[in-house]
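Just below is one structure, and these are the notes that go with it.
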Amino acid sequence: MSLFPQSFIAGLILMSASVCFSKLPCKEGHSGPTYESMQAVFDLQPFRPAVNLSNPTITNISFTLYAVLGVNEKTQILTTFLWLRLYWHHEFLVWEPDECDGVTRISLPVKQLWSPDIIVYEFVDDDVSQACPYVYVNHTGHIRWDRMLRLVSACNLEIFSFPFDVQNCTFTFGSYMHTIRDVRVSPALTFEEMSGNSKRYLEASGEWELVDILGETSILQFGIDEWDIITFWVVIKRRPVLYVVNLLIPSSFLMLIDILSFYLPPHSVDRASFKMTLILGYTVFLLIMNDLLPSTANGTPIIGIYFSVCLALMVISLLETVIITNVLHHSSMKYQEVPNWVRVVVLKHIATLICYRWPEDVRPPSMSQRDKPESTNGSSGPQIIQPAGRAPDQQPTSNGGAAAPPELQQICQYLGDLRLHLTSLQKESELQDQWCHVGYVLDFLLFRIYLLLITCYALVIISMWCVWISQS
């Protein structure tokens, strides 16, 4: 009893015959090679189709990037859909078209033929795309296999410049098992042709735009073995319109409202409540838009830094409002005199520095201080009212030396109390006006500092994006 099946023995006989004849026989009246000759080739499916096994099988590879299905920045995974095309030479599938009724190409099931074990080294998940069960075989033995490939690959994603980022991902094609002595790989098309074909399908689909496809062939060495590989660099760029409309423009509007809130009068409007409401609204906006922002352990995108700094600037604006409110209300309610150093530093030097415009009925502190003694010494008006705190034995007298009537004494006492009350009210009003001017000057100063910070911050952000765009 034979140890090998008859089909295997027939295959060996056919292989020996193909060395001599290297042609599949055709039967008269039938198109293409005979079924018996094809079945003998199918029985040799486990073996590499080379008459001389010392000659490697050359596999040509080309692909078209049809779609970018997803980019997961957190897990650093790129999901794409490729149209992959493989070419290789089957030395046993050769026939003469003139002898086979002019048939030059036939389709055969790929499972019945040997196929190169070409994989993408960066793949991290199974291919779930629809399989193509057939291949085209030319009468010269050249096989073309078109298949769809849903590629889930690892990619080092740089998100610092999001949403104006450009990603450069690598696809490395090569044999999984066969070394360079058995299988060689080479590109079927030039890299420019692959890039042009991919751009025609990808330019109007999805969030990503294909910039270019580059590549090179090289040899991967691991220990004493070597593998032939092709490395493709797929450069894609994000379309930023969605993120500019949904993230940058609303944030800029909220910052503009925060700047304009400084024009609210601090003494008559509760500016602090308005700014707290604005900060709350900005926080809710960030929570809603959090799903649009990429997250990764490698770094934080510049737009995340932009939002954080905008929120910090709003908090600084609120603190400035708290300081001004304290000066305008808390200090003035204590009826304390404005310290001399505050007059010199704030009302004189800072007011001059920021070009503070004094009201027409108010003079600068230097002039009021200089004229104050003159106005005090030259004060006019009848001084017929005695102080209310005089001694009880000092009674007002008439011209004849007699004591004044009790009614007149009571009237004098009432007038003295009224004079003291009016003087106290006038002094309180002057102190409030002085503290109000101190608050206004500080408000003008802090507002200009706030504008300077926002301007510098905007220039830095724009410069960083411009530098990134020029480099990309």
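Residue numbers (mature numbering (1 follows the signal peptide of the UniProt record, and there is no 0)): -22 to -1, 1 to 450.
Think of the CB as a built atom: it goes at the ideal place given N, C-alpha and C, for glycine as much as any other residue.
query: Roughly how many angstroms lie between the CA atoms of residue 123 and residue 258, to the nearest whole one?
result: 59 Å
field: Complete runs of the beta strand (DSSP E) confined to the stretch 118 to 146 [at least 3 residues]
entry: With a minimum length of 3 residues, the continuous beta strand (DSSP E) runs that stay inside the stretch 118 to 146 are 120 to 132.
message: Rounded to the nearest angstrom, what separates residue 225 and residue 267 at their Cα positions?
response: 7 Å
- request: Taking all protein chains shown into account, decide if residue 444 is buried (16 or more other Cβ within 10 angstroms of its Cβ) or exposed.
  value: exposed
message: Mapping the DSSP letters down to three states, classify residue 85 as helix, strand or coil.
response: strand
- prompt: Can we say the stretch 39 to 49 touches the stretch 76 to 88, given the rule of at least three CB pairs closer than 8 Å?
  reply: no
Reduced DSSP secondary structure (H/G/I, E/B, other) of residue 157: If DSSP states are grouped into helix, strand and coil, residue 157 belongs with coil.
task: Compare the C-alpha of residue 279 against each of 144, 416 and 385 and name the closest.
output: 144
task: Give the range of the beta strand (DSSP E) segment to which residue 44 is assigned.
output: 35 to 50
message: Here's the rule: buried if 16 or more other CB atoms are within 10 angstroms of the residue's CB, otherwise exposed. What is residue 306?
response: buried
- request: For the beta strand (DSSP E) holding residue 63, just list the boundary residues, first then last.
  value: Looking at the DSSP string, the run of the beta strand (DSSP E) that includes residue 63 is 55 to 67.
query: Would residue 288 be called buried (16 or more neighbouring beta carbons within 10 Å of its own) or exposed?
result: buried
- prompt: Cα-Cα, which of 89, 38 and 215 is closest to residue 137?
  reply: 215
- request: Identify which residue in 116, 128 and 118 has its Cα closest to the Cα of residue 104.
  value: 128
- prompt: Based on the DSSP output, what are the partners of residue 253 in its beta bridges?
  reply: In the DSSP output, where bridge partners are listed per residue, residue 253 has none listed.
task: To the nearest angstrom, report how far apart residue 22 and residue 29 are at their CA atoms.
output: 12 Å
query: Roughly how many angstroms lie between the CA atoms of residue 249 and residue 56, to the nearest whole one?
result: Approximately 48 Å, taken between the alpha carbons.
query: Which whole-angstrom value describes the C-beta separation of residue 99 and residue 150, a residue pair presumed to lie in contact below a C-beta threshold of 8 Å?
result: 4 Å
- request: Could you give the DSSP three-state label for residue 112: helix, strand or coil?
  value: strand
field: Any beta strand (DSSP E) of 3 or more consecutive residues that is wholly inside the stretch 161 to 230
entry: You should have 161 to 165, 186 to 200 and 203 to 216.
field: Spatial distance of residue 19 from residue 11 (CA atoms)
entry: Computed Cα separation, rounded: 11 Å.
- request: Could you check what DSSP says for residue 361 in three-state terms: helix, strand or coil?
  value: Any answer about residue 361 is weak, because its pLDDT of 40 lies below 50 and its placement is not dependable; what the coordinates show is given next. Three-state DSSP puts residue 361 in coil, outside helix and strand.
query: Rounded to a whole number of angstroms, what is the C-alpha to C-alpha distance between residue 59 and residue 121?
result: Residue 59 and residue 121 have their C-alpha atoms spaced approximately 23 Å apart.
- prompt: Going by beta carbon distance, what residues of the same chain come within less than 7 Å of residue 434, once the five residues before and after it are set aside?
  reply: none
task: Along the alpha helix (DSSP H) that carries residue 300, what are the first and last residues, could you check?
output: 280 to 303
query: Is residue 225 near the ligand NAD, going by C-beta to nearest heavy atom under 6 Å?
result: As far as ligands go, the structure on display features none, and thus does not contain the ligand NAD.
- prompt: Could you give the residue range of the beta strand (DSSP E) that holds residue 98?
  reply: 96 to 98
query: I think residue 213 touches residue 146, with their Cβ atoms under 8 Å apart; what is that distance to the nearest whole Å?
result: 5 Å
query: Do residue 204 and residue 158 have their C-beta atoms within less than 7 Å of each other?
result: yes
field: Per-residue burial, residue 240 [other beta carbons within 10 Å of its own, 16 or more giving buried]
entry: buried
Whole-angstrom distance between residue 162 and residue 177, CA atom to CA atom: 28 Å
message: Measuring only the C-alpha atoms, how far is residue 244 from residue 290?
response: Between residue 244 and residue 290, the C-alpha separation is close to 21 Å.
- prompt: Should residue 260 be labelled buried (16 or more other beta-carbon atoms within 10 Å of its own) or exposed?
  reply: buried
Cβ neighbour criterion (16 or more within 10 Å) applied to residue 210: buried
- request: To the nearest angstrom, report how far apart residue 155 and residue 97 are at their CA atoms.
  value: A direct Cα-to-Cα measurement between residue 155 and residue 97 gives close to 10 Å.
Reduced DSSP category for residue 151 - H, G, I as helix; E, B as strand; rest coil: strand
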